[in-house]
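S.K.:
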Amino acid sequence: VWDARTGEARLTRDVRNARIPEFSPDGRRLAVPEGSAGNSHIVVFDVATFEEVKRWPCDAKADRVVYDRTSKFLAARDGDSVALYDSETGKLVTRLESTNAPNGMAFSPTADLLAVEHVLPGWTNGEGRWVSNARVVLY
16 VWDARTGEAR LTRDVRNARI PEFSPDGRRL AVPEGSAGNS HIVVFDVATF EEVKRWPCDA
76 KADRVVYDRT SKFLAARDGD SVALYDSETG KLVTRLESTN APNGMAFSPT ADLLAVEHVL
136 PGWTNGEGRW VSNARVVLY
C-alpha cells in the first residue's frame, strides 16, 4: 500500500498469489484475494494497523472482490460463480451460480443490487477478428 500524497510505501506484506485488492468504502479495511485454485482465501487487513484481521477460504479461486457502499458485504468472483460474504464475519451469505464466468462486478449506490458482467463465448467474424460477447445481470 502506497501513500498517495508522499509516494512512500506504507504497507508491504507477502500475500501468496495476491490478486486485485479492494478498500472498503469506509476506509477501515483492505480485502485481498489470494492463493490458487483449491487453496484460495480472502484476507482482510485493518488499514490503521496493517494487521490481518480476517481470513476465510473460498471454494474455487477468488481473484476479484468488491465491497458494497455500506462495507457490510463483500462480493468475490470465485471460479464460475460470485460468492457474497458478510464482510465482518466472512460467512457466506449466498452464491450466485452461472454457466458463464463472471468478470466485472459493481454494487448499486443503495447496496441492494449487484451487477455482474458474465463473459459469453465469443466467435470469429468474417474478417478473422475475435468478437467477444458479454451479458450484465442484476442480482
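Position 83 (the sequence shown) corresponds to 98 in the working numbering; numbering is contiguous.
In this text, a Cβ means the ideal position worked out from N, Cα and C, and glycines have one as well.
This structure is a prediction, so every number in the text was calculated from the model and none was measured.
Taking Pro117 as the reference, give the member of Val47, Ser123, Ser96 with the closest Cα.
M.R.: Nearest of Val47, Ser123, Ser96 to Pro117, Cα basis: Ser96.
S.K.: How is the beta strand (DSSP E) around Arg110 delimited, first residue to last?
M.R.: 107-112 is the span of the beta strand (DSSP E), which, as asked, contains Arg110.
S.K.: Span of the beta strand (DSSP E) holding Gly119?
M.R.: Looking at the DSSP string, the run of the beta strand (DSSP E) that includes Gly119 is 117-122.
S.K.: Tell me whether Glu37 sits in a helix, a strand or coil according to DSSP, three-state version.
M.R.: Glu37: strand per DSSP, three-state reduction.
S.K.: Leaving out five residues on either side along the sequence, give the residues of the same chain with a beta carbon under 8 Å from the beta carbon of Phe88.
M.R.: Within the same chain, Phe88 has close Cβ partners Tyr82, Leu99, Tyr100, Asp101, Ser102, Val108, Phe122, Ala126.
S.K.: Sorted by chain position, which residues of the same chain lie with C-beta nearer than 6 Å to Ser39's C-beta, five sequence neighbours on each side aside?
M.R.: If we look at Ser39 and ignore the five residues flanking it on each side, its Cβ neighbours are Tyr82, Ser86.
S.K.: Do you know whose CA, among Asp18, Leu129, Ala91, lies nearest Asp74's CA?
M.R.: With distances taken between Cα atoms, Asp74 lies closest to Ala91.
S.K.: Checking 8 Å against the spacing of the C-beta atoms, do Ser55 and Ala24 come in under that value?
M.R.: Against a cut-off of 8 Å, the Cβ pair of Ala24 and Ser55 comes out as no contact.
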